[in-house]
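As you go down the protein sequences, you meet chains A and B in turn.
Mapping of the first sequence onto the UniProt record's numbering: position 603 corresponds to residue 603, and the numbering continues sequentially without gaps.
Mapping of the second sequence onto the UniProt record's numbering: position 127 corresponds to residue 127, and the numbering continues sequentially without gaps.
We put the beta carbon where it would ideally sit given N, CA and C, even for glycine.
Values in this document were obtained by computation on a predicted structure and should not be read as measured data.
Note sheet for the following structure.
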Amino acid sequence: MTASGAGRRRRTVICALPLLGFVMAGALAPVIAPYDPIANDLMASLARPSVEHLLGTDQLGRDQLSRLLYGAQASLILAAAVLAVSVTVGVVIGAAGGFLGGWPDRVALWLMDVTLTLPSLIVALAILGVRGHGSANLVLALSLTGWPPFARLARGRFVSLRRSAYFDALQVLGASRFRILFQHALPALAAPVLVYASIEIGFIVLSLAFLSFLGLGIPPPEPEWGQMLIDARPYLDSALWLALPPGLAIAAVVLASNLLAEQFATDDLPLVRLGLPRRRARMNGSTAGPYRVEELAVAFAGRKVVDGIGYRVAPGRALAIVGESGSGKTLSTLAPLGLVDATAQVSGRAVLGQVDLLGGGPAIREAVRGRRVGVVLQDARGALNPVRTVGALLDDAVRHAGGVPRGLERARSLELLTMAGLPEPESQVYAYPHSLSGGMCQRVMIALALAGEPEILIADEPTSALDVTTQAQIHALLADLRESTGMGLILISHDIAAAARIADDIAVCYAGRIVENGPAADVVSRPDHPYTRGLLDAVPSPMAVPGTRFRTLPPAEPARRKVGACAFAPRCARAAKRCHVEEPPLEPVAPGHTSACWVRPTVARPIGDEGA
Amino acid sequence: MLELTAVRVAFPIAGRLVPVVRDVDLSVRPGELLALVGESGCGKSTIARTVVRLERPIAGTVSLDGADVHALRGDALRAYRQAVQMVFQDPFQSLSPRQTVARALAEPLHIHRIGSWAARRRRVAELLELVELDPGLAGRRPRELSGGQRQRVAIARALAVRPRLLICDEPVTALDAPVQATVLNLIRDLVDRLGLGCLFIAHDLAVVRQLADRVAVMYRGRIVESAPTLRLMDAARHPYTQALLAAVPRLDADPSPAPTLRGEMPGPLASIDGCAFNPRCPQAFDRCEAERPQMIVGPCPDESVACHRQNQELA
Ligand SMILES: Nc1ncnc2c1ncn2[C@@H]1O[C@H](COP(=O)(O)OP(=O)(O)O)[C@@H](O)[C@H]1O
Ligand code: SF4
Ligand code: SF4
Ligand SMILES: [Mg+2]
Chain A
1 MTASGAGRRR RTVICALPLL GFVMAGALAP VIAPYDPIAN DLMASLARPS
51 VEHLLGTDQL GRDQLSRLLY GAQASLILAA AVLAVSVTVG VVIGAAGGFL
101 GGWPDRVALW LMDVTLTLPS LIVALAILGV RGHGSANLVL ALSLTGWPPF
151 ARLARGRFVS LRRSAYFDAL QVLGASRFRI LFQHALPALA APVLVYASIE
201 IGFIVLSLAF LSFLGLGIPP PEPEWGQMLI DARPYLDSAL WLALPPGLAI
251 AAVVLASNLL AEQFATDDLP LVRLGLPRRR ARMNGSTAGP YRVEELAVAF
301 AGRKVVDGIG YRVAPGRALA IVGESGSGKT LSTLAPLGLV DATAQVSGRA
351 VLGQVDLLGG GPAIREAVRG RRVGVVLQDA RGALNPVRTV GALLDDAVRH
401 AGGVPRGLER ARSLELLTMA GLPEPESQVY AYPHSLSGGM CQRVMIALAL
451 AGEPEILIAD EPTSALDVTT QAQIHALLAD LRESTGMGLI LISHDIAAAA
501 RIADDIAVCY AGRIVENGPA ADVVSRPDHP YTRGLLDAVP SPMAVPGTRF
551 RTLPPAEPAR RKVGACAFAP RCARAAKRCH VEEPPLEPVA PGHTSACWVR
601 PTVARPIGDE GA
Chain B
1 MLELTAVRVA FPIAGRLVPV VRDVDLSVRP GELLALVGES GCGKSTIART
51 VVRLERPIAG TVSLDGADVH ALRGDALRAY RQAVQMVFQD PFQSLSPRQT
101 VARALAEPLH IHRIGSWAAR RRRVAELLEL VELDPGLAGR RPRELSGGQR
151 QRVAIARALA VRPRLLICDE PVTALDAPVQ ATVLNLIRDL VDRLGLGCLF
201 IAHDLAVVRQ LADRVAVMYR GRIVESAPTL RLMDAARHPY TQALLAAVPR
251 LDADPSPAPT LRGEMPGPLA SIDGCAFNPR CPQAFDRCEA ERPQMIVGPC
301 PDESVACHRQ NQELA
């Protein structure tokens, strides 16, 4: 759900294109090359590019395009051989270490470390010097230092597999190590190895060209890009077309695979998702009024997943948005902040003070994130940058929020951590997130969100991953903070009982719409909508007779939602004929309490009344 | 059937062996659903993992029908692997992302070489029906399923080899509230219908009342109270059990978010004298810091509690 997600995918594809071209050229060379790449034709020597010879000919009259294509083939074959050897050796060593652990792992790690310290080209030169030219020696020379990245990859995957619930499950089922290895572990390695191999191609192509340049590569007259460059050297002034294509080809392949590597390496840390603002621009007009979201719609590829949602939160009030996962709770709160996938089409209004967050470009939304609106996510540990201390994270947030003189950030950070109830903040600022419990991570996350003194705090399932006792503590903290700071609180939850505990109002979300909205006490004690009733019924009752079944809703319908019908109709015990042909609007059922249902629980409504 | 006697499990933490499960006694009878409840990190999952031999105790024994589980070899071990199965917390992690539902369900049959190809196919269909899944889902992969459906698949996979004892480690914690109820109903039904013993691990007491026959509450590696469900829910004796009960959000009560318990459970490295709960206990008195309370059985034979206050009253 990062804003850069789609762009990143696009960049990855663009980077992969030259590599794909290279592989295609190499594989199809015999089919598409117009001439024999080693057939001399001295009559046509050094011909300029023309219709017969698209890239011209060299000093021996050989067609350059054909040589370029066959050169790709030669590089491709060698690269494939080098990769085959490197991958096999690497995966065997890495997998053995990762899978077995203990001393085999230590040996594997030692081998990797030692090999990684060797300068690969010098090793290659030494080997070719001792053993002479030839394709086999080239492959040996380049694989000898090429395997460690694959070993690392395999080891990493196997170590995490060994620690996964999935591995445990297989063991409990009684699967043998052999079975786990060949049926499960190795096949899972295929995709990452393939990705990494595509990255390695660039290095191999460059190394081959370099070795050819030194006269240690594929012996002439076989076409090879590095060799073509050497051959072109005497003619740089008179026949530039000789040097350009192989040079560009090498550059393109190397550049593409390096960029690809970068694409895969950039770890978009979820902190970016919190949208700590990059630009400093205090917005004016922060007069405290309600935060109003109206007619909000979010669609992906034309499919509406949030459809006309509206809610309002006054300062110091708490609204809970309740519903099952996928109902649109998260999107309807994060979309107005621009914290959605770039492919999302968002429309509607989200008015904070005098500003409509959806009334202009991304800068408006960026300016409020982390300052006027704070966000707390469910997976606090995952959202905290693991390589920074709690103090450093807080200092950053304080700096971004602005308003605190340089050098005094730490004091403010300590204040925020104290507000969030982190015990012993003076020593905890030196802790890394992984050393904190889930509850403490959530407190750090809350402190971060408070840095901008937000008018609105959005907490998306802040306690779903926590113990009940910790949940109760975090709920109490949020309630306290709302009271002491006067900020509005939006709590997202799948648990209506937890929501009722801190919210003033509850909005129930179903299939991208709000189906019931009202004061928490009303909604819980006098629910109108059948879905709300279902949610309430599913709460385990402290009075229940032991051994009785839990009350449940019928399962969700996987079928596409029918336009012009109540989305809940397929699961609704109360559904009438009208429900399948007309969508119910939100209508008042009590003061401040609205519900979108055609059939009232007690008093039946006349069909076709004027309400719609 | 399952009997844990003075089981102690330790992990190397910060260079030394630190016990995280301390002298636990526990038993599950056939057809009984025992709930083991406590905060995360208290050692519940370690107990479950020890029972299925993913961990080894450093003292004490786990036995099934009298046989020491950690001494099993060869055919006896094979038989044990069929008799005892486990459902993990997060079905998304315990299922292979690349396996279809049908393949995941057939996997245990392959592993134990049960049945012919046709028999396996029949069994897969049977299992889907058993966990109330649409047979049309057989060709789906986990990412194409909802959380509840995934957990049903994980349950079906555990039942494929017809175990007698099912270990469930927080099987609904990763699911939405309304979906939790449906999966819990399923588990209770299966336990009753197939006559399974079940060790059900949960971090809160909300669901336990309707689900469990007996409850054991655990704090920092030790069982602190155990009793039949109703007795425990309606008249909790250990202050920690009382705090857990009070932490459950209730719809009927005054919706005040006051936390019932201060602070967090100290990690396994902290050393606490006397009762492990005393730093957080609202009822602690001087004896609690000086001496660890012993587990006292009574007044009924299947009730026990480890708290000085209770022992005083009983004495
Ligand atoms: N990047 C995305 N691309 C396509 N669909 C998405 C994307 N993000 C969310 N959705 C869909 O939007 C719906 C609502 O999502 P969300 O707001 O996360 O629900 P909730 O918070 O209730 O779990 C779901 O059906 C989800 O699959
Ligand atoms: S409108 Fe009809 S189908 Fe929809 S919730 Fe109301 S009764 Fe059920
Ligand atoms: S022994 Fe003391 S500290 Fe421990 S639970 Fe009982 S009263 Fe509390
Ligand atoms: Mg969500």
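When we look at the beta-carbon of residue i and count the other beta-carbons within 10 Å, is it buried (16 or more) or exposed?
i	result
B:Glu126	exposed
A:Thr57	buried
A:Gly323	buried
A:Val524	buried
B:Asp134	exposed
residue 614 of chain A	Because chain A is modelled from 1 through 612, residue 614 of chain A falls outside the range shown and cannot be assessed.
A:Ala185	buried
B:Ser304	buried
B:Gln151	buried
A:Phe22	buried
B:Cys42	buried
B:His70	exposed
What first and last residue would you give for the alpha helix (DSSP H) that runs through residue i?
i	result
A:Val87	Gln64 to Leu100
A:Asn40	From DSSP, A:Asn40 is part of no alpha helix (DSSP H); its letter is neither H nor E.
B:Asn185	Ala177 to Leu194
B:Gly197	Unbroken run through B:Gly197 is the beta strand (DSSP E), Gly197 to Ala202; no alpha helix (DSSP H).
A:Gln122	The residue you asked about is not Gln; residue 122 of chain A is Ile in the sequence shown. First-last of the alpha helix (DSSP H) with A:Ile122: Ser120 to Arg131.
The beta strand (DSSP E) spanning residue i covers which residue range?
i	result
A:Val589	Glu587 to Ala590
A:Val305	Arg303 to Val313
B:Gln85	Val84 to Val87
A:Thr552	Segment: none, A:Thr552 is in no beta strand (DSSP E) and carries neither H nor E.
B:Ala216	Arg214 to Tyr219
B:Asp169	Leu165 to Asp169
Of the choices the options, whose alpha-carbon is the least far from that of residue i?
i	options	result
B:Ala102	B:Gly136, B:Gln82, B:Gln89 and B:Leu77	B:Gly136
B:Val172	B:Arg164, B:Ile13, B:Leu199 and B:Ala181	B:Ala181
A:Arg575	A:Arg600, A:Pro591 and A:Val563	Going by the sequence as given, residue 575 of chain A is Ala instead of Arg. A:Ala575 has its Cα closest to that of A:Arg600, out of A:Arg600, A:Pro591 and A:Val563.
residue 343 of chain B	A:Ala299, A:Ser257, A:Leu173 and A:Ala500	Any property of residue 343 of chain B remains undetermined from this structure, which presents chain B solely from 1 to 315.
A:Leu260	A:Pro290, A:Val195 and A:Phe300	A:Val195
A:Asp231	A:Ala72, A:Arg67 and A:Gln354	A:Arg67
A:Arg551	B:Ile167, B:Phe277 and B:Leu186	B:Leu186
A:Gln227	A:Ala209, A:Trp241, A:Leu242 and A:Leu244	A:Ala209
B:Leu54	A:Phe167, A:Ser75 and A:Pro519	A:Phe167
A:Ala544	B:Arg250, B:Arg292 and B:Val153	B:Arg250
A:Leu535	A:Pro546, A:Ala507 and A:Thr548	A:Ala507
A:Ser257	A:Leu450, A:Arg292 and A:Val205	A:Val205
A:Phe213	A:Gly102, A:Gln183 and A:Ile250	A:Ile250
B:Arg214	A:Tyr430, A:Gly547 and A:Ile122	A:Gly547
A:Cys15	A:Arg513, A:Ala299 and A:Ile199	A:Ile199
B:Ala158	B:Asp192, B:Ala104 and B:Arg231	B:Ala104
If I measure Cβ to Cβ from residue i and keep anything under 8 Å in the same chain, skipping five residues before and after, which residues do I get?
i	result
B:Pro163	Gln82, Ala83, Val84, Gln85 and Leu196
A:Glu294	Gly310, Gly348, Arg349, Ala350 and Val351
residue 369 of chain B	As displayed, chain B neither begins before 1 nor continues past 315, which places residue 369 of chain B out of reach and without an answer.
Just to confirm my understanding: we take residue i, look at its own chain, exclude 5 residues before and 5 after, and list those with CB closer than 6 Å. What are they?
i	result
A:Ile38	Pro221
A:Lys329	Ile321, Gly323, Ile492 and Cys509
A:Trp598	Arg578, Cys579 and Pro584
A:Gly61	Asn40, Asp41, Leu42, Ala44 and Ser45
residue 317 of chain B	There is simply no residue 317 of chain B to check, as chain B begins at 1 and stops at 315 in what is shown.
A:Ala299	Gln345
Tell me which same chain residues have a C-beta within less than 7 Å of the C-beta of residue i, skipping the five on either side of it?
i	result
B:Ala10	Leu17, Val18, Pro19, Val20 and Ile58
B:Arg209	Thr229 and Met233
Jot down the residue ranges of each uninterrupted beta strand (DSSP E) in the stretch 195–228 of chain A, minimum 3 residues, whole runs only, in chain order. None, since the stretch 195–228 of chain A contains no complete beta strand (DSSP E) of that length.
Runs of alpha helix (DSSP H) wholly within the stretch 375–449 of chain A (minimum 4 residues, chain order): If we require 4 residues or more, the alpha helix (DSSP H) runs fully inside the stretch 375–449 of chain A come out as 380–383, 390–401, 409–419 and 425–428.
Scan the stretch 455–528 of chain A and note each continuous beta strand (DSSP E) run of 3 residues or more that stays entirely inside, going in chain order. Listed in chain order, the complete beta strand (DSSP E) runs (minimum 3 residues) inside the stretch 455–528 of chain A are 456–460, 488–493, 505–510 and 513–519.
Which ranges does the alpha helix (DSSP H) cover as unbroken runs of at least 4 residues, wholly within the stretch 64–117 of chain B, from first to last along the chain? The DSSP assignment places 74–83, 91–94 and 101–111 as complete runs of the alpha helix (DSSP H) inside the stretch 64–117 of chain B, in order along the chain (cut-off: 4 residues).
Start-end ranges of the alpha helix (DSSP H) lying completely within the stretch 326–377 of chain A, minimum 4 residues: The stretch 326–377 of chain A contains these whole alpha helix (DSSP H) runs: 329–334 and 362–368.
Would you mind listing the beta strand (DSSP E) stretches within the stretch 11–47 of chain B that are 3+ residues and don't spill past its ends, in chain order? You should have 16–28 and 33–37.
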